[in-house]
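Quick note: the sequence shown, position 164, residue 388 per my numbering, numbers continuous.
We treat Cβ as the ideally placed atom computed from N, Cα and C, and that holds for glycine.
Note that the structure is a prediction, hence the values are computed from the model and not measured.
So the structure is just underneath, and the comments pick up after that.
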Amino acid sequence: MYVNRVSVTSTKPDKCSRESGVDLLVTMLAAYRMNGQICGREWPIVAEGEIVSAIVLSPEERSFDARFNGKYVTAAMAHCEAEGLLITLEVLGEDAESLPSCQCHRPSAYVLFTSYTALESPIRCMDCFGPIALYHMEVMASGEFHELVTWQSDYQSCDQLQMNCSVLEQEATRELSSIDSSLNKIGLAHCQTLATTSNRPFYYYLFSGESESLQTELERRCPGCGNDWRLTSRLHDLFDFRCDRCRLLSNIAFDVRWELSAEPGRTPEGTPTNEPKLI
Ligand SMILES: [Zn+2]
Ligand SMILES: [Zn+2]
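So, in structure tokens, the structure goes:
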């Protein structure tokens, strides 16, 4: 990701107050976010004289190119300009902590994946596991990616609760793990939509945090079709299960997985299974 300064400068201070300038800037940033051109929603804003500026993260160096603007971004920018605001977009540099974006020419498949700490796009490449900016996909029914950004926010809220282990832990963990939870039903529906518009397989990740035992976990079948879905080797250092029929991914529960490497003669790859191939 990249760190940017987005500024609006009032050319007609008598027409547009500083408060209005802040409001118009925030509306434009929100439109950029829902189009995937800004990641995250924490953007400190500084108002100095006629200039109001915000520091924001973008997925790529060229995220603010006009060719990526959605209709709501275009409308928000036009509104700013109509109020006499001059818009300036400046790349300050690459974010030192974030994951590099996917550079694959044409990913063979995608996965919807996020976590409580992720600021990146929830669309990941199945080949390199790098994040893919939302605006590279076809817009959703809302005319932007509002549906997906909302799903990501809901997912991260549940993931944060299960990590904190103090409030609604069981409920949040069920939302993340169960194939028929509200959160996962919505995520799976988004995967279907995105699979259709991208014409590529789109996988969904089912979290597994705890299990009765390692053996129970190793014998787990795909919750969609009941088939064997164990992978012979771990994919992207996270996924131990994959069903190509249901487009599902999962991991060996984190609380028992360590036992694999602790057992003599047993590798983390475990029992060989019929690894399915990506279609
Ligand atoms: Zn890639
Ligand atoms: Zn299945």
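Have a look at Gln384 and Tyr340 and give me their C-alpha separation to the nearest angstrom. Counting from 1 along the sequence shown, the entry for residue 384 is found at position 160. Counting from 1 along the sequence shown, the entry for residue 340 is found at position 116. For Gln384 and Tyr340, the distance between alpha carbons rounds to 5 Å.
Pull every residue with its beta-carbon under 5 Å away from any heavy atom of ligand 2, and keep them in chain order. Near ligand 2, meaning a Cβ closer than 5 Å to any of its heavy atoms, lie the following residues in chain order: Cys446, Gly448, Cys449, Cys467, Arg469 and Cys470.
Leu502 to Cys328 span [Cα, whole Å]: Locating residue 502 in the sequence shown gives position 278, counting from the first residue. Locating residue 328 in the sequence shown gives position 104, counting from the first residue. Annotation note: pLDDT 43 at Leu502 (below 50); position unreliable, coordinate value reported separately. Roughly 16 Å separates the two Cα atoms.
Burial state of Asp464 (16 or more Cβ within 10 Å): The residue labelled residue 464 in the question sits at position 240 within the sequence shown. Buried, because 16 or more other Cβ atoms sit within 10 Å of the Cβ of Asp464.
DSSP on Asp479, reduced to helix/strand/coil? Position 255 of the sequence shown holds residue 479. Three-state result, Asp479: helix.
Let me check understanding here. Comparing Cα to Cα, which of Leu358, Val246 and Glu284 lies closest to Met258? Position 34 of the sequence shown, counted from the first residue, corresponds to residue 258. The residue with the shortest Cα to Cα distance from Met258 is Leu358.
Which residue from Ser332, Arg265 and Asp351 puts its Cα closest to that of Leu253? Numbered from its first residue, the sequence shown carries residue 253 at position 29. Measuring from the Cα of Leu253, the nearest candidate turns out to be Arg265.
With DSSP run on the structure shown, which of helix, strand or coil describes Ser223? Past the boundaries of the shown model lies residue 223; the chain is included only from 225 to 503, so the question cannot be answered.
Close Cβ partners of Arg424 (< 8 Å) along its chain, the five nearest in sequence each way excluded: Position 200 of the sequence shown, counted from the start, is the residue given in the question as residue 424. Cβ neighbours of Arg424 beyond the five flanking positions: Pro331, Ser332, Ala333 and Tyr334.
Give every residue of the same chain whose Cβ lies closer than 8 Å to the Cβ of Phe426, excluding the five residues on either side of it in the sequence, and list them in chain order. Translated into the one-based positions of the sequence shown, residue 426 becomes position 202. If we look at Phe426 and ignore the five residues flanking it on each side, its Cβ neighbours are Ala333, Tyr334, Val335, Leu336, Cys415, Gln416, Leu418, Ala419 and Arg471.
Since I believe Leu309 is in contact with Thr251 (beta carbons under 8 Å), could you give me their beta-carbon distance rounded to a whole number of angstroms? Locating residue 251 in the sequence shown gives position 27, counting from the first residue. Locating residue 309 in the sequence shown gives position 85, counting from the first residue. Not really, about 11 Å apart at Cβ, beyond 8 Å.
In three-state terms, what does DSSP make of Asp351? For this step, residue 351 is matched to residue 127 along the sequence shown. Reduced to three states, the DSSP call for Asp351 is coil.
According to DSSP, residues forming a beta bridge with Cys263: Taking the sequence shown and counting its residues from 1, the one referred to as residue 263 is at position 39. In DSSP, Cys263 forms a bridge with Leu281.
Could you have a look at Asp464 and say whether DSSP puts it in helix, strand or coil? In the sequence shown, counting from the first residue as 1, residue 464 sits at position 240. Reduced to three states, the DSSP call for Asp464 is strand.
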